[in-house]
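Undergrad:
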Amino acid sequence: MSKQGTIAIAGSLAQRPGHGGHTWVFLQYLLGFKRLGYDVLFLDWLDASMCFDEKGQPCAVEDSINLRYFTRVMKEFGLEGAYALNFNQGERMIGMSRRTVLARARSAGFLLNVMGFFSDYEILAAFPKRVFLDIDPGFGQMWQQLGLATVFGGHDAYVTIGENIGQADCTVPTCALSWITTPQPIVLEKWPVHEGPAGDWITSIASWRGPFGPIDYRGKIYGLRVHEFRKFAALPKFSGAQFRLALDIHSAETNDLSLLAANDWELIDPRDAAGDPQRYQQYIRRSKAEFMVAKNLYVETKGGWFSDRSICYLATGKPVLAQDTGFTRRYPVGEGLLAFSTLDEALGGIAEISSNYAQHARAARQIAEEYFDSDRVLRRLLGALGVA
């Protein structure tokens, strides 16, 4: 056992096999805390109804792509003995035994519970400190204020990547909670600068709608990425640049698919681009830059959300052109990271990246090192949580 002790992270990896970018969200914290000398424990849960085989058919957990993906990721990143998968609401634990988890929990520094995902009461109660980590700023807060869900109960501290929450012009409600704000971390040794030639494609990886619907809050509708992306659909045709989008979009979205095709977007299957952590990295490394469109809720609330995916592009030395969500008050823009709010601003950003590419590529990595390095980000977070 490390002298630093244990930090536990709870997340939703087994439920989403084949989502390499989502997997990296949890890996950054697990590997980042390990770099700081902590033992780590990853907690996940999976119900029998969620288990499917390669053909999409229901199956036993032992035969599921869920468990196969989960255990492979744990092994590949040196986390074999550092996880427990709570199966079927406590029917059994896969990996670490329940008794061992409870013992580790009692002696841990804290649990970082991503979106309050882990809800096993006995295990939660064993931790001396339970920290809610909000990575979808605005959704949970509005649901709670509207009485649609009790999101934040059972935690002792609250952390959000919405870095403007609590500021006068940010419309994300605080729910009368004291929020610790933090950027998302990246373990830079796992994301070296790509030394090969830059690809020809400006790329992104995105879901068209995602699991949540729009929210009607105080007379205003806060929407999804689809509602923002349509505003910029003409960008490839107007700019003449090549755009490749690994897009999770349902085939029934015929009007939007036609809109994207008419404006020269090349769409590829997100499973090909990001089916595991390694493919996700390769897709980013082979890109020229990222074009990032945010969810409408992030844009309209000015919460300061900044994409974990964009941080991966920056670290790899790929410039990022990102829709402004209020992050411009936190991070330098103009070199390496460029912001836009209108189609004309996006066109100007594409032209600037193309004309001064080497300069923007160098600046991208420098921003990642200065603002998102896991060593710096996690040490600050530990300090804010009062953990030595």
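Numbering-wise (this note's numbering), the sequence shown opens with residue 1189 and increments by one.
From the three backbone atoms N, C-alpha and C, an ideal C-beta is built for every residue, glycine too.
What residue from M1330, V1414, K1419 and A1429 has the CA that sits closest to G1407's CA?
TA: The count along the sequence shown starts at 1 and reaches residue 1407 at position 219. Among M1330, V1414, K1419 and A1429, the Cα nearest to that of G1407 belongs to M1330.
Undergrad: Near G1342, what residues of its chain come up, given a Cβ to Cβ distance below 7 Å and the 5 sequence neighbours on each side ignored?
TA: To locate residue 1342, count along the sequence shown from 1; it is residue 154. Excluding residues within five positions, the ones whose Cβ falls inside 7 Å are L1312 and R1318.
Undergrad: Mind checking D1388: buried by the 16 CB within 10 Å criterion, or exposed?
TA: Working through the sequence shown from its first residue, we reach residue 1388 at position 200. Per the 10 Å Cβ criterion, exposed.
Undergrad: If you reduce the DSSP assignment to three classes, tell me which class K1317 lands in.
TA: Stepping through the sequence shown from its first residue, residue 1317 is reached at position 129. Of the three classes helix, strand and coil, the one that applies to K1317 here is coil, per DSSP.
Undergrad: If distances are taken between C-alpha atoms only, which option among G1428, F1340, G1278 and I1374 comes closest to T1362?
TA: Counted from its first residue, the sequence shown places residue 1362 at position 174. Of the listed residues, the one whose Cα sits closest to T1362 is F1340.
Undergrad: Short check: CB of V1347 to CB of F1327, under 8 Å?
TA: Here residue 1347 is taken as the residue at index 159 of the sequence shown, counted from 1. Here residue 1327 is taken as the residue at index 139 of the sequence shown, counted from 1. No.
Undergrad: Give me, in chain order, the residues of the same chain whose beta-carbon lies closer than 7 Å to that of I1456; leave out the 5 immediate sequence neighbours on both sides.
TA: Position 268 of the sequence shown, counted from the first residue, corresponds to residue 1456. Hits under 7 Å: R1432 and A1434.
Undergrad: Rounding to the nearest angstrom, what Cα-Cα distance links F1240 and N1544 in this structure?
TA: The residue labelled residue 1240 in the question sits at position 52 within the sequence shown. The residue labelled residue 1544 in the question sits at position 356 within the sequence shown. Their backbone Cα atoms lie some 47 Å apart in a straight line.
Undergrad: Any idea what DSSP makes of V1347, helix, strand or coil?
TA: Here residue 1347 corresponds to residue number 159 of the sequence shown, with the count starting at 1. Strand, per DSSP.
Undergrad: Excluding the five sequence neighbours on either side, which residues of its own chain have a C-beta within less than 7 Å of the C-beta of Y1559, listed in chain order?
TA: Taking the first residue of the sequence shown as position 1, residue 1559 is located at position 371. Hits under 7 Å: P1371 and Y1519.
Undergrad: When you compare only the Cα positions, how much space is there between Q1216 and D1308?
TA: What you label residue 1216 is simply residue 28 of the sequence shown in a count that begins at 1. What you label residue 1308 is simply residue 120 of the sequence shown in a count that begins at 1. Taking the straight line from one Cα to the other gives about 24 Å.
Undergrad: Return the first residue and the last residue of the beta strand (DSSP E) that M1480 is part of.
TA: Sequence index remark: in the sequence shown, residue 1480 carries index 292 (1-based). From DSSP, the beta strand (DSSP E) with M1480 extends over A1477 to M1480.
Undergrad: Is the distance from the Cβ of A1461 to the Cβ of I1393 below 8 Å?
TA: As a working note, residue 1461 is residue 273 in the sequence shown. As a working note, residue 1393 is residue 205 in the sequence shown. Yes, they are a contact pair.
Undergrad: Residues bridged to A1527 by DSSP?
TA: Along the sequence shown, read from residue 1 onward, the residue named residue 1527 stands at position 339. DSSP output for A1527 lists A1510 as bridge partner(s).
Undergrad: Under the DSSP definition of a beta bridge, which residues are partnered with I1282?
TA: Working through the sequence shown from its first residue, we reach residue 1282 at position 94. Answer is L1273.
Undergrad: For A1572, collect the residues of the same chain with a Cβ closer than 7 Å to its Cβ; drop the 5 residues on either side in sequence, then sort them by chain order.
TA: On the sequence shown, position 384 is the one that residue 1572 refers to. Around A1572: I1368.
Undergrad: Between the alpha carbons of K1483 and Q1511, how many angstroms are there, rounded?
TA: For the purposes of this step, residue 1483 is taken as residue 295 along the sequence shown, with counting starting at 1. For the purposes of this step, residue 1511 is taken as residue 323 along the sequence shown, with counting starting at 1. In a straight line, the C-alpha of K1483 is about 9 Å away from that of Q1511.
Undergrad: Please list the segments of the alpha helix (DSSP H) lying wholly inside the segment 1379-1431, counting only runs of 4 or more residues, in order along the chain.
TA: As far as the segment 1379-1431 is concerned, its whole alpha helix (DSSP H) runs of at least 4 residues are 1413-1417 and 1423-1427.
Undergrad: Which partner residues of W1493 appear in the DSSP bridge assignment?
TA: Indexing the sequence shown from 1 puts residue 1493 at position 305. According to DSSP, W1493 bridges with nothing at all.
Undergrad: Quick check: what's the CA-CA separation for A1549 versus L1219?
TA: As a first step, residue 1549 must be located in the sequence shown, where it is residue number 361. As a first step, residue 1219 must be located in the sequence shown, where it is residue number 31. For A1549 and L1219, the distance between alpha carbons rounds to 25 Å.
Undergrad: Can the beta-carbon of W1212 be found less than 8 Å from the beta-carbon of L1273?
TA: Within the sequence shown, numbered from 1, the residue matching residue 1212 stands at position 24. Within the sequence shown, numbered from 1, the residue matching residue 1273 stands at position 85. In this structure, L1273 does not lie closer than 8 Å to W1212 by Cβ.
Undergrad: Would you tell me roughly how many angstroms separate the C-alpha atoms of F1315 and G1350, rounded to the nearest one?
TA: Taking the sequence shown and counting its residues from 1, the one referred to as residue 1315 is at position 127. Taking the sequence shown and counting its residues from 1, the one referred to as residue 1350 is at position 162. In a straight line, the C-alpha of F1315 is about 25 Å away from that of G1350.
Undergrad: If you measure between the beta carbons of L1448 and A1534, is that distance less than 8 Å?
TA: For the purposes of this step, residue 1448 is identified with residue 260 of the sequence shown, where counting begins at 1. For the purposes of this step, residue 1534 is identified with residue 346 of the sequence shown, where counting begins at 1. Not closer than 8 Å, so no.
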